[in-house]
Amino acid sequence: MDPADYDAWYDTPRGRWVGDAEFDLASRLLDAKPGDSLLDVGCGTGWFTRRLAGMKLQATGLDPDPDWLAYARAHSDRAIRWVEGDARRLPFPDSSFDHVLSIAALCFVEDERQAVAEIVRVARRRFVIGWLNRTSLLYREKGRGGGSGAYRSARWHTAAELRAFFAGLPVRDLKLRSAIYLPSGTKLARGIEKFVPSVLPLGGMLLVAGEKIS
Ligand SMILES: C[S@@+](CC[C@H](N)C(=O)[O-])C[C@H]1O[C@@H](n2cnc3c(N)ncnc32)[C@H](O)[C@@H]1O
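Residues in the sequence shown are numbered from 0 upward in steps of one, following numbering that gives the first Met the number 0.
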């Protein structure tokens, strides 16, 4: 997929709603303060990275795709650092970033467990990782049969599968939260979404947040 087309989706009414809902939930769970450092793993075009940098975080975006990184670099201010790399072997020392975020990226990575271990390794304080939820209406619409568009060849998980990725890692206070329950994004769907508690693990996006034990 072309990075400009992908990023333009965030400017459509539905894309803006999905992005905002995921961003609001992820940033609440990260609980970052101005001046904190943050790594966005699988940053793609940098939509989340840019917004987090806008909250005065020292942001770094990492992605293996040079074209997507070039798009991200060209559409952001110079304070953001962009690094080409792979989630399975993050090119940073242990505990390098106060916070690590990853949204809808590990579902495209072979050996997600290794990528989760790497995210925990480079985090100093908190991490938030967002996955596609197999127990959701979004999966029924976009995931079945191999998926389509930006969802093509993504893996979709259950909450139990996600919890299992963290077994044996130095983490505590794991929380599972969800968003995008009614993926049509109509006015009614958006209205209903406001009243659904994010602890209900049935939204299209499942986020696992936690704290690193150092
Ligand atoms: C659907 S995009 C998500 C981009 C961005 N996080 C967002 O939510 O807008 C998936 C991203 O995962 C990246 N990705 C694929 N394999 C990866 C790997 N091994 N390590 C890190 N990122 C990877 C892709 O290059 C792509 O940018």
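Even glycine gets a Cβ: it sits at the ideal position worked out from N, Cα and C.
Residues A86, R87, L105 and V108 of the same chain have their beta carbon placed closer than 7 Å to that of A114, with the five preceding and five following residues left out of the count.
Placement of the Cβ of G41 at a distance of less than 6 Å from at least one heavy atom of ligand 1 is found. Within the same chain, Cβ atoms closer than 6 Å to the Cβ of L136 are found at P182, the five residues on either side in sequence being excluded. If you check the CB distance, A71 and G60 come in under 7 Å. Around the C-beta of T11, fewer than 16 other C-beta atoms lie within 10 Å, and the residue is accordingly described as exposed. In this chain, the beta strand (DSSP E) harbouring K211 covers M204 to K211. Taking C-beta atoms as the reference points, M204 and E83 fail to come closer than 7 Å.
Residue pairing of H74 in beta bridges, as defined by DSSP: absent, with no partner found. Going by DSSP, F47 is part of the alpha helix (DSSP H) stretching over W46 to A52. The beta carbon of A208 is closer than 6 Å to those of L28, V127 and K174 in its chain, skipping five residues each way along the sequence. Residue range A122 to L131 is occupied by the beta strand (DSSP E) that includes G129. Here the distance from the Cβ of F96 to the nearest heavy atom of ligand 1 is not below 6 Å.
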